[in-house]
Every structure is written in C-alpha cells, then in structure tokens.
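What follows is a short report on a single structure.
Residue numbers (the working numbering), protein chains in the order written: chain G, 1 to 547; chain P, 548 to 765.
Structure below.
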C-alpha cells in the first residue's frame, strides 16, 4: 500500500502570529493579531477523499515566537509569497483521482481476508491441557493444513500462557499509584463519549501500575478528548500520561471558551468552502489551539517532574535522581466541533504524538470510504520505537504541525486508543472495521443503521457460536473475544459483507445476549480487560465519541 | 487468514555460538545444556513465550544458521559439534542475512517485529579477520539489532568484540558452571527485554547485572 496515499501537497495561506507565553502559561491565541498573511511552502496539505470529506494536516508553524522559559526552539519556516489559488483547486482535483485509484487497491487488499478456513472451536481446544507436549502434537496436526497452522498455533500459545499470567495488585508503597480501572460515560451536547482504560496483563503480572490515561470535556456542543500512553519502560510515566491529558483538555476548554467559540470569524469560517481563505484561516487557528494544548501538556508534565524531583519517596522508588524522561508518555488530542449545517458536518481537529490511533468512522458511508485515520503512529523501523511528549524534537512547532490533522465531514464515530488496542487492530485501514464490529457484537456500540429491512433472526442460526470467556471480576459476565474474525472465518463473510448487512451484528449481539447500549462504558471496560491476542499484554485504553 | 490478523510482534533472539575446535568436549556439551536450560527457563515466562523467537547460528570453519527463528514452544535444540577454525566474520554475514530476511520491518500495513536481540559467545579470535572487521563495522553502523557479545576464557579477544558492539562481557573461564551462568543471564536478559519492549531506540539496553566472575568490558 502507498505511504499515506491520502496526502497531496498543496499551497495554502498561513497566518503569521505570535504566541507569547506568560510565565509558563501560553497565552491564548488572538486571531486578530493576524496582521501578516503570508503563504508558506507546503504549509497545509489539503486532502479530499472520495466522499468529499477533507483531511488537512495543518502546518501550524506560523513562526511562533516562544519565550526563553519554554524550551521549544524557534524554527522559522521559509516564507514565500504566492497567489496560486487556481493551483490549489487543480491539486485537489488530482488528489481526488489519485485517491479513487487507491481505494481500488485497498479493496484488493480486503479480499485476502475473505478466505474461509476452519479452526477447532475454542471448546475443543480448551480441552488441551496447558502442556507443551500436547501443544507440539496439536501443532503437528495443524501443519497438515497450512491455512490453519498460524491461527491454531497462536491460540494454543495464548491458552498455554493463560495459566502463567499472574494477577498481582500494585504494592501499597508505590508513590502516586494509578487506579486499576478508569471508566467514563458522558452525555455531552455534542454527543455521547464513553471511555475505558484497563491495566495490561504485563502490569498485572508484575504488580505495576497502568500507565495509560484519558480525559474528556465539553463546552457547548464542542467535545475535547485526550488519550495518553505512558512509556512501559519508564517508571513514572503514569504521572506523565495523567498530567498531560488533564492539562490538554483543561487548556482546550478554557482556550475555546475565551477565544474561539465567541469568534464568529472562526466559527463561521470552519463551515465555509474548504478551499476558501477563511476556512483555512479558521483551521490554522484551531490547529494552533491544539498546539497550545500540546505545549500546556508538556509544561504540566514538567511541573510534575519538578514537584517530585527532590522528593525522597520518589528518589527511593527510582533508586536514583529523577529525569523528566521518567514521565514519558504519548499524547493524542481531538476536538470535535459540530458545524450545525444541514449536512450535519463536524470538524475534527486531531494531533497525535507517539503511537496509538485516532480514527473516524462514517457509518453512513460506503464500506471503502468509511474509515479515516487521523494520525500517524510515527514509529521507527522496529516496533515500539515511538516518540513521546517529553521528546524535545516532538514539540517543535513544525513537528506538531505535521502531526495535526483536520477533517470535515459526516463521520459519526471518533475512536481514540493507545497502542494496547491499536496494535491488535492493525493495519487500521482494514482492521478498524473489525474493531467497530467487535464493539457492536459486544453491545458497546449500536450496529449501523441501514435502510434494508433484513431481519437479524435469519442470521441467528448461521453465525458460529462466539468463543466467550468469563470476565475475571464477575464470572456471570461473558465476553466474546475476536468474534468478528470467527464469523468471517466460519461463514466466509467479508468485512464489507458485514458492513453492508449490520443485522449480522445485531444477531451477533443477540447471541451474546447484549442488546442494550446501557452500561456501554462498563461493557467496554470488561471487553478491553478480557479479549486475548497473542503478544498483546499492554495497557488498553479506548475512547469512543458518538458525534 | 495468515498474515491478516494473527500477526504477532516477535522479539527475535539470535544466539551466535562459537563452535570452533577449541570448544570441543565438555565445553560444547555445556553450551548444549545451556541452550536447553535457556529454553526451559523462558517457557515459564508468559511474555517471553508469546513474543520471543529463537535462532541459533554457529561458526567454525563455516558459518550457518542451525535453527531458523522459531517460537519457544516449537524450538528444537540443534545438533552442535565443535571443530575447525573460527569464521566469525562469515557468521556476522549470516546473521545480517537472517535479520534481513526473517525480521519483519514496520510498514503501513505490516506490524513489525521488535528490535532483534543477539547474543554472541566466543572463546577465541576470528580466523577471517578482514571479513570480520568489515562485517562488524557494517553491523555497528546499521544498528539492526541489540548485540551483546561475551568473550569466554583467556584466549578470547575482546578488542574484536568491541568492534561490533558496545556491550561486551568477559567471563574468565569456560567451565561448565560459567557457561551455565552465561545462559541463565541470557535468559534473564531476554525476559527483561521482553518486559521493556518499548524502550526508545538509541537508549541504553537495560540488562540484568552480569553474573559473578563476569566483567563488563568498558
């Protein structure tokens, strides 16, 4: 697949403005200070996908001037003057063609997922005792059918390791421990937001804290979400993830209240034609606001570090003096602004630093155009080589700008997750549907509404029995793990088939006895806490906004 | 369905073992026993079981991969025999080939493996010095793996090992007890690495303290 096929370079206007930090707080961006309008090269990459939505990674560089007490280096962008508006439109057109070609290709990739193949049911497999000899034996059998071997191998390994994973509570003397679970369900004016975060198997095994965190907030019908994943190798990263989420969401709410929502130029600008200057200007201001949130998050982490640097308890815990990198965490931010127009569009501004995933799903769209990725995990050649908020070069204005994306369209579900979840649903372009299906089958999200009147009942008999596992905390709660994969394997249905016939998911949910969206956040927590994937033992956080 | 959804991020572990003539007898038997203990030990660790994949590359008058990257559950101990020279340079070429072909890189559509971990055990100096120097230089600059080299016994030359990695250990004897300790330490290192898989590139690899009687070569 092409590297970021949805991107095309393009020119656009950039406002030059200043951010003048007061003390350690970044002062609000004042768009009236936008006295110089310049064009910079490659400042905004305008993207239009084939359903007319646009994804704009915005370069919010804007030659920001930062005071000396902020250690972000100033990086002036090359500035050119230009009046290439006509070229903008042309490029957008080329882009559309390019994308259409590419969609064809991604459909080709889809089809490889369709081959049905049989595997022994979980019930049969669970009869195998957790014994190495038998494992080898079953592996030999599996080799007779190469289609099966990878799958059954994977399942037998996880069945074997299931008995080895221990549950260890976090020790009492751990400083600033993070709670075992964090679950939220909020009905905001802009939509419902549910989120859950569970301690990963690895941390449970070792008795260490969950390092993930998330926060949500709203202002009128605007929704703010931040998700962070503390580095597993850093012992205080749980503090970094909490501090940065709180600071980012808090800053955004405050900043929007003071400087954005009452500014008609911005609020009407985002609803204007997407090639217009006013639209781009408004996007720049919003991107700048998100950058402000990233900076604020960093400052909060830095304060958290300073507050503890001379604390004996922490020094004793670390066995050495503290370093800000001990607080390393990723940071994913999204702002959702409903435009209130007749098309019911929403503008989503996202910024992703480090790994994890931000994705938009449009349940009213065609299968191939329904998932939009809002960030790059930006990892290295090998896995797990991610960047963090505390990494200085990540906070450089041009770096944040590259990680900021704006989308306007009809997407109605926003999902933000740490790599504990996104790694299990990789690559996102293909697997994000599966995540959505798994959530719907487990009664966490409603199946999409389509006009066909097919009954879910006829699917009841056709669907395989789900492999269910009782929840560790309450054995009466059953969780279906990997149900979508099982359905596809055993019925030959493709993800696209399921997308087009959501009654299948209704039937799947019925098989599990979960219809209600009540307690969706609680079900999300239970599901996150229980689904099993080989090599997946990280903390898991998933925040879903139904917008 | 292979390759669609069951891709596991593996921690590839390469054991590069000197099987030259000087390793004959009790020493090679101790190495074999060491590998057995290593596998047994790792099989008790769920993280290692789900992620670590082991391969053995030997070098004597030639160099070859005795066992391709195999998951712990299915790993079969290779037949090791000691004889001949120390074609260390050739072994490094084999290692680089193996890493290039076996280790999956992260791409947009593929979940990459974790950075490979390489343990080298030698009791001598390379017979193919020029090849060794070229390959060691290549390995060091490519940074394709975290390499830990151990010089065993008085004849092992640590200056060569330093050419390929900063992480060099020295054990004074090649006694069965020391070799057993070496493999126990390798097992601890694999466990520790599989626990801190998201360490940033370029940061020092965190390894358990070396066993008694082993020195870290600065």
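Yeah, the Cβ is synthetic: ideal placement off N, Cα and C, and Gly gets one too.
Query: Please confirm if the region 531-547 of chain G is in contact with the region 414-428 of chain G, defined as three or more CB-CB distances below 8 angstroms between the two stretches.; Result: yes
Query: Compare the Cα-Cα distances from residue 440 of chain G to each of G/520, G/402 and G/496 and report the closest residue.; Result: G/520
Query: Strictly by DSSP, which residues pair up with residue 565 of chain G?; Result: With chain G covering 1 to 547 only, the question about residue 565 of chain G has no answer from this structure.
Query: Is the shortest distance between the beta-carbon of residue 101 of chain G and the beta-carbons of chain P less than 9 angstroms?; Result: Interpretation of residue 101 of chain G is limited by its pLDDT of 35, a score under 50 that renders its predicted location unreliable; no figure is taken from the coordinates.
Query: Does residue 473 of chain G pass the burial test, meaning 16 or more other C-beta atoms within 10 Å, or should it be called exposed?; Result: exposed
Query: Whole angstroms is fine: what's the gap from residue 464 of chain G's alpha carbon to residue 458 of chain G's?; Result: 13 angstroms
Query: Please check if any C-beta of chain G sits within less than 9 angstroms of the C-beta of residue 665 of chain P.; Result: no
Query: When the cut-off is 9 angstroms and only beta carbons count, does residue 570 of chain P lie next to chain G?; Result: no
Query: Report the three-state DSSP secondary structure of residue 693 of chain P (helix, strand or coil).; Result: strand
Query: Hey, could you find the ends of the alpha helix (DSSP H) residue 214 of chain G is sitting in?; Result: Looking at the DSSP string, residue 214 of chain G is not in any alpha helix (DSSP H); the run it does join, the beta strand (DSSP E), is 212-219.
Query: With DSSP as the reference, label residue 673 of chain P as helix, strand or coil.; Result: coil
Query: Using the rule of at least 16 other Cβ atoms within 10 Å of the residue's Cβ for burial, across every protein chain shown, is residue 190 of chain G buried or exposed?; Result: buried
Query: For residue 404 of chain G, which three-state DSSP category applies?; Result: strand
Query: By a C-beta neighbour count over all protein chains shown, 10 Å radius and 16 as the cutoff for buried, is residue 645 of chain P buried or exposed?; Result: buried
Query: Rounding to the nearest angstrom, what Cα-Cα distance links residue 372 of chain G and residue 359 of chain G in this structure?; Result: 6 angstroms
Query: Scan the region 247-313 of chain G and note each continuous alpha helix (DSSP H) run of 4 residues or more that stays entirely inside, going in chain order.; Result: 264-269 and 277-309
Query: Starting from the C-beta of residue 721 of chain P, find all residues in its chain whose C-beta is less than 7 angstroms away, skip the five residues before and the five after it, and write them out in chain order.; Result: 574, 670, 699 and 700
Query: Alpha carbon to alpha carbon, how far is residue 755 of chain P from residue 434 of chain G?; Result: 40 angstroms
Query: Give a single yes or no on whether residue 578 of chain P has its beta carbon closer than 8 angstroms to a heavy atom of the ligand GDP.; Result: No copy of the ligand GDP appears in this structure; indeed no ligand is present at all.
Query: DSSP beta-bridge partners for residue 414 of chain G?; Result: G/360 and G/545
Query: Are the C-beta of residue 620 of chain P and some C-beta of chain G separated by less than 9 angstroms?; Result: yes
Query: Of all the CB atoms in chain G, is at least one closer than 9 angstroms to the CB of residue 627 of chain P?; Result: no
Query: Assess contact between the region 685-698 of chain P and the region 589-596 of chain P, defined as three or more Cβ pairs (one per stretch) separated by less than 8 angstroms. Is contact present?; Result: no
Query: Check the Cβ of residue 427 of chain G against every Cβ in chain P and list those closer than 9 angstroms, keeping chain order.; Result: 654, 655, 656, 657 and 658
Query: Residues of the region 564-593 of chain P in Cβ contact with chain G at a cutoff of 9 angstroms, in chain order, please.; Result: 590, 591, 592 and 593
Query: Do we get a CB-CB distance below 9 angstroms when we pair residue 555 of chain P with the residues of chain G?; Result: yes
Query: Since residue 333 of chain G sits in a beta bridge, which residues does DSSP pair it with?; Result: G/226 and G/351
Query: CB residue 217 of chain G to CB residue 406 of chain G, shorter than 9 angstroms?; Result: no
Query: So residue 448 of chain G is in the beta strand (DSSP E); what residue range does that whole segment cover?; Result: That residue, residue 448 of chain G, is in no beta strand (DSSP E); it is neither H nor E in DSSP.
Query: Could you tell me if residue 562 of chain G is buried or exposed, where buried requires 16 or more neighbouring beta carbons within 10 angstroms of its beta carbon?; Result: The structure shown has nothing for residue 562 of chain G, since chain G only spans 1 to 547.
Query: Mind pulling the chain G residues with CB within less than 8 angstroms of residue 596 of chain P?; Result: 157, 160, 161 and 164
Query: Assuming residue 657 of chain P is part of the alpha helix (DSSP H), what are its boundary residues?; Result: Note, residue 657 of chain P: premise wrong, no alpha helix (DSSP H); not H, not E.
Query: Select from the region 185-214 of chain G all residues with a C-beta closer than 9 angstroms to any C-beta belonging to chain P, and list them in chain order.; Result: 201, 202, 205 and 206
Query: Closest to residue 502 of chain G by CA distance: which of G/235, G/513 and G/455 is it?; Result: G/455
Query: Using a C-beta to C-beta distance shorter than 8 angstroms, which residues of chain P count as neighbours of residue 535 of chain G?; Result: 555, 556, 557, 597 and 598
Query: Pull up the distance between the alpha-carbon of residue 167 of chain G and that of residue 621 of chain P, whole angstroms please.; Result: 27 angstroms
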